[in-house]
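Protein chains in written order, with this note's numbering: chain A, 161 to 367; chain B, 16 to 207. Yeah, the Cβ is synthetic: ideal placement off N, Cα and C, and Gly gets one too.
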């Protein structure tokens, strides 16, 4: 079993695997963050969107869960903490995009008064407050995704480990079987030897 | 990573890029609308008011107000409605304008059009829109209108303009744009 694990880990050296984990969590976190930001913006400000995505509840609950899920599936070869860090990246990216989008006219100096923004004050408060909840919702999605990926879509490396584990287990079973069979044979031989010896001893006693 | 991972990853990145494009379009619309909202009110002006000489107050009188609207924004706007309250100052009344405004009200002029038939203004274009108002004869309002000093009328207008955008479903309302130039300088009666 240990041999199999060593062999598969040897394919990616430990420090490089850490760098891959960071890079992958940034890539998938950013991709998910962009999707979440668009759906949020489109739900809260449908009038500006070329394809309005409809309900606020859908953007608020379903999209972070879905993106977290896909992220979890994509990062299933890493430990769970990587998925959680990636969810954090997702939240940061989506928050950054949402803030940037809502306040861009002020940042670029297109307008100097916040009252001139095309978004209403209540809309702005709603989008900023609800975007904070992206983190817990995407973490839940990420955990489900990781569990799903582990169970049904293991990576090639994981599959190789499992195959080796299965091979090792089979080998162990075979070894145990032969060991027990040999032991049983020995016991039988001993019993037979005892049985053969027993009448001789009786005769000797009689003599 | 296996094949299914790669497939999901490529699809997810494609969706993400698509969303990024849509987000940038939404962002452009948002910035353009914000910009338009802040600069268009400063480009709504009354260019001319035509008030005829009123020799007989028993007849109806039509007043024409011409609005000059320029679209300095990056979006095509559709002017759907202009309405104004028309006041005529009585210069012999010593009270301030605010105090005598209620007693100076003459009438309202307006037009409203559906979006399909609204006045379209492309970026950088200007338009002059006449909005007529008819004051009924033999009323107190025509007496208020027929009020000149040194042969000049001194009207005051407060205008509300509604406009929308060609591809964005937002109706903007510019409320109570004051017109005081006629009040200070005076307008000669218009005789066609």
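Chain B contact residues for residue i, given Cβ-Cβ distances below 7 Å
{"i": "residue 294/A", "result": "None at all; the shortest Cβ gap to chain B is about 15 Å."}
{"i": "residue 276/A", "result": "49, 52 and 53"}
{"i": "residue 202/A", "result": "41"}
{"i": "residue 183/A", "result": "Here the premise fails: no neighbours, minimum Cβ distance about 13 Å."}
Distance, residue j Cα to residue i Cα
{"i": "residue 47/B", "j": "residue 70/B", "result": "50 Å"}
{"i": "residue 295/A", "j": "residue 210/A", "result": "27 Å"}
{"i": "residue 152/B", "j": "residue 198/B", "result": "23 Å"}
{"i": "residue 20/B", "j": "residue 30/B", "result": "15 Å"}
{"i": "residue 25/B", "j": "residue 32/B", "result": "11 Å"}
{"i": "residue 112/B", "j": "residue 121/B", "result": "15 Å"}
{"i": "residue 166/A", "j": "residue 317/A", "result": "With a pLDDT of only 46 at residue 166/A, under 50, the local geometry of the prediction cannot be trusted, and no value is derived from it."}
{"i": "residue 333/A", "j": "residue 312/A", "result": "26 Å"}
{"i": "residue 55/B", "j": "residue 116/B", "result": "27 Å"}
{"i": "residue 357/A", "j": "residue 348/A", "result": "14 Å"}
Beta-carbon gap between residue i and residue j smaller than 8 Å
{"i": "residue 93/B", "j": "residue 134/B", "result": "yes"}
{"i": "residue 230/A", "j": "residue 193/A", "result": "no"}
{"i": "residue 80/B", "j": "residue 123/B", "result": "no"}
{"i": "residue 129/B", "j": "residue 86/B", "result": "no"}
{"i": "residue 141/B", "j": "residue 64/B", "result": "no"}
{"i": "residue 206/B", "j": "residue 77/B", "result": "no"}
{"i": "residue 228/A", "j": "residue 185/A", "result": "no"}
{"i": "residue 82/B", "j": "residue 66/B", "result": "no"}
{"i": "residue 257/A", "j": "residue 197/A", "result": "yes"}
{"i": "residue 97/B", "j": "residue 176/B", "result": "yes"}
{"i": "residue 308/A", "j": "residue 233/A", "result": "yes"}
{"i": "residue 169/B", "j": "residue 104/B", "result": "yes"}
Residue i in three-state terms, based on DSSP
{"i": "residue 360/A", "result": "helix"}
{"i": "residue 237/A", "result": "coil"}
{"i": "residue 205/B", "result": "coil"}
{"i": "residue 338/A", "result": "helix"}
{"i": "residue 100/B", "result": "strand"}
{"i": "residue 348/A", "result": "helix"}
{"i": "residue 106/B", "result": "coil"}
{"i": "residue 164/A", "result": "Low confidence applies here, because residue 164/A scores a pLDDT of 45, under 50, leaving its location unreliable; read the following figure in that light. Correct three-state label for residue 164/A: helix."}
{"i": "residue 136/B", "result": "strand"}
{"i": "residue 313/A", "result": "coil"}
Residues that residue i contacts on chain A, provided the C-beta gap is smaller than 9 Å
{"i": "residue 181/B", "result": "Within chain A, no residue comes near residue 181/B; the closest Cβ sits about 13 Å away, beyond 9 Å."}
Within chain A, partners of residue i - CB distance below 8 Å
{"i": "residue 131/B", "result": "Within chain A, no residue comes near residue 131/B; the closest Cβ sits about 19 Å away, beyond 8 Å."}
{"i": "residue 17/B", "result": "313, 314, 315, 316 and 319"}
Contacts that residue i makes with chain A (C-beta to C-beta distance below 7 Å)
{"i": "residue 20/B", "result": "234, 313 and 315"}
{"i": "residue 44/B", "result": "208"}
Under 8 Å by beta carbon: chain B residues contacting residue i
{"i": "residue 230/A", "result": "23 and 27"}
{"i": "residue 205/A", "result": "41 and 45"}
Amino acids of chain B, ordered along the chain, whose beta-carbon sits closer than 9 Å to that of residue i
{"i": "residue 286/A", "result": "The contacting residues do not exist; residue 286/A stays about 16 Å from chain B at best."}
Quick one: which unbroken beta strand (DSSP E) runs of 3-plus residues sit fully inside the segment 16 to 98 of chain B? Chain order, please. Runs of the beta strand (DSSP E) inside the segment 16 to 98 of chain B: 59 to 65 and 76 to 85.
Ignoring anything shorter than 4 residues or poking outside the segment 211 to 297 of chain A, list the alpha helix (DSSP H) runs there in chain order. Taken in chain order, the complete alpha helix (DSSP H) segments of 4 or more residues contained in the segment 211 to 297 of chain A are 223 to 234, 240 to 268 and 281 to 291.
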